[in-house]
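Just so we're aligned: 466 in the numbering used here is position 313 of the sequence shown, and the numbers increase by one with no gaps anywhere. Scroll down for the structure; my scribbles are underneath it.
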Amino acid sequence: MPIFFIARLSVEIRPGSNELQLMPAGPFRSRDGRPKECDAWHIDASTAAALIEQANARQTPYVIDYEHQTLTAATSGHPAPASGWFSKMEWREGEGLFAIDVEWTERAATMIAAREYRYISPVFSYDPKTGAVGQLLHAALTNNPAIDGMDDVSIAAASRLMADLTATTGALPVEPQQEQQMDELIEQLRWLLNMPVGATTQDIQAQLKKLIDQLAPGQGTAAASVNLAELLAQRDQQIAALSANQVDPARFVPIAVVDGLRADIAALTEKVAAHNVQAEVVTIDSLVTAALTDGRLHPTMEGWARDLGKSNFAALKSYVDQAKPIAALRGTQTGGAAPAGVTPTQQDPEVAGEMTLAICASLGISAADYAKAQTPAA
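See below:
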């Protein structure tokens, strides 16, 4: 927290002037030995630039009161009238920080001209480590620049005044070191939230709010149990577990691939079966035709052979392979007609009988079945 102090400066007011020296250049101290936290208060061109920027950002001018009554009015009940106002400040190298547009009240101007008031006493915050001036709060007319110091009530009043100025300007003044640290913090937040370099603090706050809502829905920053580091560690463990249990593609294939293979196999099987049926029909036809041609089958056995081939192709093929060709079944010298001058009834019964027996033996059928096959249908 910044430390508030009523500076004990021996800065004399020039009557009739609208310029007022607020602080001397470089290091300065109070007559009673303050500050005690550091060697001296300090203001230079860069520090003054920050104070001037703060002044330019204000919507209300700085007040100059009497004897710091602004700080004691809340507890004393006495009014704190202004003796003057100013809005603009100027740094003069080697001299210090000046208010350059002071407007004195008629009463204050009269008392200053009459030498009833001779000194100005500014109220400012400063860094207790470096002594660098942080923010100007207001100033007061006084005849005792070596005031003993601020009591607790005055410190509280200065704190309230700082809060009012913050509401007016939008932010507390930041020391150079603090400003650097703040810039580093903002840069780290941009990196953490994956935001562009030009992202403003408002953008960062909005993104942080989204992240907080995601981590603790409906709880906001009150969800103190949410630990981002622990949450990230848990996510890493979950990812590691999922990676360890991942299916090995060398041992398993997706079910969609299996279903696709099943469909392809079914279609291929159906195609092969159709091809086999067609090939089987062709094979039966060629086998029966060849057997009829070379005499291994009698023409009357064609239907039987084809039916056997359809039900048991192996049996048909075995029969045809074992059957011996009969020359008589391949044709006759007379083309199937009786020899010249001989009628069928004149054929030698003995020869006909031997031929019949030979045919039956070759075909593996009885003479009776052969006779039935030779008998014309009624």
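For glycine and all other residues, C-beta sits at the position ideal for the given N, C-alpha and C.
C-alpha of Val406 to C-alpha of Asn398: approximately 15 Å in a straight line.
A buried status is given to Pro275, since no fewer than 16 other beta-carbon atoms sit within 10 Å of its beta-carbon. In its own chain, leaving out the 5 sequence neighbours on each side, no residue places its CB closer than 8 Å to the CB of Ser439. Each residue's CA atom was taken as its position, placing Ala394 and Ala420 some 41 Å apart. Minimum Cα-Cα distance from Ile253 among the listed residues Ala352, Met335, Gln174, Lys362 corresponds to Gln174. Sequence-distant partners of Ile205 (beyond 5 residues in either direction) whose C-beta falls short of 6 Å from its own C-beta, in its chain, are Met242.
Counting of Cβ neighbours within 10 angstroms places Gly247 among the exposed residues, the total staying below 16.
If you ignore the 5 residues before and after Glu340, its C-beta comes within less than 6 Å of no other C-beta in its own chain. Under the three-state reduction of DSSP, Pro275 is assigned to strand. Remark: fewer than three beta-carbon pairs, one from each stretch, lie closer than 8 Å, so the region 176 to 183 and the region 255 to 263 are not flagged as touching. At a cut-off of 4 residues, the continuous stretches assigned as alpha helix (DSSP H) that sit fully inside the region 166 to 211 are 198 to 210. Straight across, the Cα-Cα distance linking Leu445 with Pro452 is about 6 Å. Residue state for Ala266 is assigned as helix, using DSSP reduced to three classes. Looking at the backbone, the Cα of Ala208 and that of Ile365 are separated by about 36 Å. A straight-line Cα-Cα distance of about 15 Å links Pro349 and Leu338.
In this model, Leu250 and Ala198 are separated by some 9 Å (Cα to Cα). Secondary structure at Asp218: strand, using DSSP grouped into helix, strand and coil. For Glu246, no beta strand (DSSP E) encloses it, and the DSSP letter there is neither H nor E. Shortest Cα-Cα distance from Gly517 to any of Arg343, Gly462, Trp344, Arg449 involves Arg449. In the DSSP assignment, Ala292 falls within the beta strand (DSSP E) that extends over 286 to 295.
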